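The block underneath contains the structure these notes are about, expressed in structure tokens.
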Amino acid sequence: MTDTTTTTEAVPDLVTPTWEYAPAPQARDLVDIASSYGLFIGGEFVDPIDGGSFKTVSPSSEEVLAEVAEAGSEDIDRAVGAARKAHGTWTGLSPAERGKYLYRLARIIQERARELAVLETLDNGKPIKETRDVDLPLVAAHFFYYAGWADKLQWAGFGPDPQPVGVAGQIIPWNFPLLMLAWKIAPALACGNTVVLKPAETTPLTALAFADVCRQADLPPGVVNIVTGAGETGRHLVEHDGIDKVAFTGSTEVGKEIQRTLAGTEKRLTLELGGKAANVIFEDAPIDQAVEGIVNGIFFNQGHVCCAGSRLLVQESVHDAVVERLKRRIGTLRLGDPLDKNTDIGAINSSQQLSKITELVASGRDEGADAWQPACDIPDKGWWFPPTVFTNVSQSSRIAREEIFGPVLSVLTFRTPDEAIEKANNTPYGLSAGVWTEKGSRILWMAQRLRAGVVWANTFNRFDPTSPFGGYKESGFGREGGRHGLEPYLRTGGQA
Amino acid sequence: MSRLDVKKTYKLFIGGSFPRSESGRSYEATTPAGDFLANAALASRKDARDAVVAARKAVPGWSGATAYNRGQVLYRVAEMLEGRRDQFAAEVAAGEGVAEDAASAQVDAAIDRWVWHAGWSDKFSQIDGAANPIAGPYFNFSVPEPTGVVAAFAPQGSSLLGFVSVVAPIVVSGNTVVVVASEERPLPAMSLAEVLATSDVPGGVVNILTGSVDELAPHLAAHMDVNAIDLTGLAGRDTTDLEREAAENVKRVVRPPAEEPSWEQVADPRRILRFTETKTVWHPMGI
Amino acid sequence: MSLPTEHRAATGPIAGDLADATSSETALRRFLLGLPGVDQVGVEERAADLATRSIKKDSKLQALDLAVRMTDLTTLEGQDTPGKVRALCTKARRPDPSDPDVPPVAAVCVYPDLVEVAAGELEGTGIHVASVATGFPSGRTTLEVKVADTEAAVASGADEVDMVIDRGAFLAGRYGQVFDEIVRVKDACGSAHLKVILETGELATYDNVRRASWLALLAGADFIKTSTGKVQPASTRPVTLVMLEAVRDFHEITGERRGVKSAGGIRTAKDAIRYLVLVHEIAGPEWLTPDLYRFGASSLLNDLLMQRSKQLTGRYAGRDYFTID
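Chains as they are written, first to last, in numbering that gives the first Met the number 0: chain Z, 0 to 495; chain P, 0 to 286; chain C, 0 to 324.
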């Protein structure tokens, strides 16, 4: 006989033991932040000619970390000139020597990994656990990987005599500042290009620290130039006649603008833009790992991830069980001081981003979806948003269609594999997707049909320098990582 | 007594059918010297729209077909074309104003180009795909997949070989195409449609429009259900506006060359890859 | 087969009626094979991630004391003697003679023939006497012997019995046989608590660990225990994680909390604290009690004491200041 009405527990109530983890802050004195920074052009820090300056702020405390130069059009001109001048030097080196510079950069990054991790956490607001265990190891690995390509390009499958494109203008976002720098600079340099890179205005510090890494590596002046600034600075860079290639990671809106700007020119372009990834959970999924994958998919880096699994598509038969487990798991996430080694969820990168998240979450509520948030203390200072799960979300809801770029999950259901595919692909984006099932043939069936550049099966948000990354449709074009990541930086000749 | 020729009516090729332009318009196709050859359909933006719909509808079947099957279909096109090489030689000679020998050579090259591409159907993913050595317990592979619906402009000069050299690399990977034939030399392309229609090429995989590039191009460039646009056929033209329109849904754009290349030279498989997307799949390895 | 406790119906991936699960061999098999799979890479990554938790200051001291209280101080050697067991019992009562604040351990764990010695030494202390039984460690003997082994241990004064499952039967898919054996041994235990050793090192996959955990819980195990300590690998954190998920899910369905014991290979305080983080974050804080979580260990205890001393004095401890028993 089964008692379906039991409410009392078989075990008498225990006095619930408490075990609070004491604060475990990562020492901050590893980093030495200057009060102000110039532009890194031609191997040295210079004051802007026609630009101004702006402050970069710690998102978790709103403390001003440093004053940073804002490059104007003349500064961009100077930086592109320095890169052009250095291009001769750089391509004059043997490919093997260029590769050795990249190996040096990789090694110095490994040596200074903790310092750079702390700096990233301070400037970005993401937890030290992630900068230490994810960002920095991947940054070093990326340089290490592309270092080895420098003298093997003729074997890379892009024709017998691939040549560098020239000077690359690169614009990166604030969500993985140093990692995105690595994704841009490592392949560009390996292929013999020189670069002018603009970090995001809210997270310039690790790029500026990278300038110091270049100094330690004795990289020839002008091979890497770092110009700080906001959208206007980026526009000057994209429009400059002296650059041969633009590589952009950021919003789809800005990506389209750049594509329009480059229309009719000979500049090459790669775009890595937004996403609204479906994470598809079948009823036979390894459920506990799937819950981990969902959590990792949307709460990793506060959801500030273009490939975040922001749309959870759960087979209706396991919807309640999955959501229940998911909530329990989210209840164990620790939100707070990003420098605390036990923090899982850090600060939202900027007040603008927080406003955008808040606005979209409000729209979700207005549209009738059910919002759930765990009980969690929000620090007084800084910008924060608690992990949020929306259930009862319809496919047409804004929170199911627009990229929120925050720790907000929309849960939808499906009944059959066909329906899962249809819903997963029903978006202008196509960056990533997840699928969870123990059935091998179904994984491959799904992987073949999902219109996304990266498909994580029974895992999510994994990255590796050997693995090509990039989108379908409005998530952009071109690939970063792996052999494919070389192609945007090479002139290959032929009729292609 | 000589017999009066029965002339062919050239129409459009959309979704495997041969409709007239919905606009009811046509224009004169002539020899380079200006002699009348035939009336070609002057396609409208609505024809372009219909062609995109047909192309989209054909994507699942064609991209889902096995590579072997696509190769066989493309080879079948070559077989069918071979059987009609004299007709095409005459048409190319008339339309391009070249001698029969030169025209024949072009037809032969066009046939061989289909054969060449047929062979790539089950090989391009092997030269471009990879098993990536992840630093961890994962199996990870990358494969090129068709991008979807491609809008293309066939070369203006080389009306058959150029056309084939643009279309074959697009469709071999599983894309479908809406292609605007050479504006002034549209006839061989439309005759090729008859070959395609009898070569097991599923309806909608290749859709051919004839007419004004200036009229059709903006609509195709701006179309939100077109994934990529191949401007190769617009050599030497300023395509700035088209490229700007293409940005609205982040189309993959193949820019036009400064001048039309010589299509006789060996093609490059990397042109096939221009219309593919690299998909990377991860899976853990464990027991 | 009979069901030892009453169960509620549940929904979800571990759905269905647990009473049904044990109604026949076929039903049991269907239930166990219907459990959600465990992805090895995912579970190991989760365990590794939780190992980065940094436990400092008060929370560390609290963890060290808790770990001492959760320890089943164990000796399971052919060369064990009454003298050795008596020494161990002394250590169990007062792990650090120089510091009366150190709590006693949870239990002393010995072979059946030495239970009487341990029971005598520990009478009135509140420290449990645990005995391995059922042909430990391989379990390769008849059911009658296993039952007799258990009855003898209990008769000698054991109030906890650590039995081994028949891994051969489990791997051959004879789940009903394994189930029945546990039920029989549980019956022979009387009021003594039953810990069921899965010997996860021989089960090879996490899927098997999950199935064996449920099998034991359904058959009435008070605790599920990783290992005998005689097979490598013994306890690992991912294995413990999977077992903690089982007791957590079992509680969710039945309202009843069962325990987990990690045994073998846990030698350092750092490692023990990582296990406690697993207990805390996977099963929940309710499991942070000796009634629901144990370490089966011997050398671990001294490292806990040394780290405890470091926390209190600020000095790194020396081995010579702690007794080797």
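For each residue, glycine too, the CB sits at the ideal point set by N, CA and C.
What you are looking at is a predicted structure, and each value in this text was computed from that prediction instead of being measured.
Contact check, residue i vs residue j, beta carbons under 8 angstroms
{"i": "G273/Z", "j": "P172/Z", "result": "no"}
{"i": "E159/C", "j": "V128/C", "result": "yes"}
{"i": "R103/Z", "j": "A206/Z", "result": "no"}
{"i": "K55/C", "j": "L72/C", "result": "no"}
{"i": "A451/Z", "j": "S431/Z", "result": "yes"}
{"i": "P283/P", "j": "V40/C", "result": "yes"}
{"i": "A40/P", "j": "R19/P", "result": "yes"}
{"i": "A262/C", "j": "K229/C", "result": "no"}
{"i": "P163/Z", "j": "Y488/Z", "result": "yes"}
{"i": "R478/Z", "j": "G469/Z", "result": "yes"}
{"i": "A151/P", "j": "V178/P", "result": "yes"}
{"i": "V163/P", "j": "V176/P", "result": "no"}
Distance between residue j and residue i (C-alpha atoms, nearest Å)
{"i": "D2/Z", "j": "L17/C", "result": "Residue placement at D2/Z cannot be trusted, given a pLDDT of 38 that sits under 50; the coordinates are not used to answer."}
{"i": "P185/P", "j": "A54/P", "result": "20 angstroms"}
{"i": "V246/C", "j": "S298/C", "result": "27 angstroms"}
{"i": "V72/P", "j": "T8/P", "result": "26 angstroms"}
{"i": "M305/C", "j": "G317/C", "result": "7 angstroms"}
{"i": "Q155/P", "j": "R490/Z", "result": "26 angstroms"}
{"i": "V58/P", "j": "T357/Z", "result": "39 angstroms"}
{"i": "N457/Z", "j": "G302/Z", "result": "19 angstroms"}
{"i": "T21/C", "j": "D179/C", "result": "10 angstroms"}
{"i": "D290/C", "j": "P232/C", "result": "25 angstroms"}
{"i": "R273/P", "j": "F157/Z", "result": "12 angstroms"}
{"i": "R257/C", "j": "T288/C", "result": "11 angstroms"}
{"i": "D19/C", "j": "V208/C", "result": "21 angstroms"}
{"i": "A296/C", "j": "V133/Z", "result": "34 angstroms"}
{"i": "G484/Z", "j": "F389/Z", "result": "36 angstroms"}
{"i": "T426/Z", "j": "R400/Z", "result": "7 angstroms"}
{"i": "P103/C", "j": "D339/Z", "result": "33 angstroms"}
{"i": "F498/Z", "j": "F39/Z", "result": "The structure shown does not extend to residue 498/Z, since chain Z is modelled only from 0 through 495, so no value can be given for it."}
{"i": "A68/Z", "j": "K197/Z", "result": "12 angstroms"}
{"i": "A82/Z", "j": "T232/Z", "result": "16 angstroms"}
{"i": "G283/C", "j": "V238/C", "result": "17 angstroms"}
Residue i - partner residues in DSSP beta bridges
{"i": "F476/Z", "result": "L270/Z"}
{"i": "K292/C", "result": "Position check: residue 292/C holds Tyr in this sequence, whereas Lys was assumed. Partner(s): V259/C."}
{"i": "G433/Z", "result": "N278/Z and W455/Z"}
{"i": "H86/Z", "result": "Partner(s): none; H86/Z has no beta bridge."}
{"i": "F321/C", "result": "Per DSSP, none; premise fails for F321/C."}
{"i": "C88/C", "result": "Answer is none; C88/C lacks a bridge partner."}
{"i": "M162/C", "result": "V195/C"}
{"i": "Y36/Z", "result": "V67/Z"}
{"i": "P283/P", "result": "Y137/P"}
{"i": "I127/Z", "result": "According to DSSP, which records beta bridges pairwise, I127/Z is partnered with nothing at all."}
{"i": "L311/Z", "result": "N278/Z and V410/Z"}
{"i": "D71/C", "result": "A106/C and G295/C"}
message: Using a Cβ distance threshold of 8 angstroms, determine whether the segment 141 to 158 of chain P contacts the segment 265 to 282 of chain P, with at least three qualifying pairs required.
response: yes
query: In chain order, which continuous runs of the beta strand (DSSP E) of length 3 or greater are located wholly inside the segment 119 to 154 of chain C?
result: 127 to 131
- prompt: Counting Cβ pairs, one atom from each stretch, are 3 or more of them under 8 angstroms apart for the segment 129 to 138 of chain P and the segment 108 to 116 of chain P?
  reply: no
message: Across the segment 216 to 227 of chain Z and the segment 113 to 127 of chain Z, are there enough close Cβ pairs to call them in contact, namely three or more that are closer than 8 angstroms?
response: no
Start-end ranges of the alpha helix (DSSP H) lying completely within the segment 117 to 186 of chain P, minimum 4 residues: 123 to 127 and 160 to 170
query: Is it true that the segment 204 to 211 of chain P meets the segment 232 to 249 of chain P, where meeting means three or more beta-carbon pairs spaced less than 8 angstroms apart?
result: no
- prompt: In chain order, which continuous runs of the beta strand (DSSP E) of length 3 or greater are located wholly inside the segment 130 to 212 of chain Z?
  reply: 166 to 170 and 193 to 197
query: Is the segment 151 to 168 of chain Z close to the segment 34 to 54 of chain Z, with three or more CB pairs under 8 angstroms?
result: no
- prompt: What are the start and end residues of each continuous beta strand (DSSP E) run of 3 or more residues lying completely inside the segment 200 to 255 of chain P, in chain order?
  reply: 205 to 208, 227 to 229 and 251 to 253
query: Contact between the segment 360 to 368 of chain Z and the segment 396 to 406 of chain Z: three or more CB pairs below 8 angstroms?
result: yes
- request: Would you be able to state if there are at least three C-beta pairs under 8 angstroms between the segment 250 to 270 of chain P and the segment 215 to 227 of chain P?
  value: yes
message: Using a Cβ distance threshold of 8 angstroms, determine whether the segment 22 to 34 of chain C contacts the segment 262 to 273 of chain Z, with at least three qualifying pairs required.
response: no
- prompt: Taking the runs of the beta strand (DSSP E) that are 3 residues or longer, which of them lie wholly in the segment 19 to 78 of chain C?
  reply: 70 to 73
- prompt: Three or more beta-carbon pairs under 8 angstroms between the segment 277 to 285 of chain Z and the segment 412 to 425 of chain Z, yes or no?
  reply: yes
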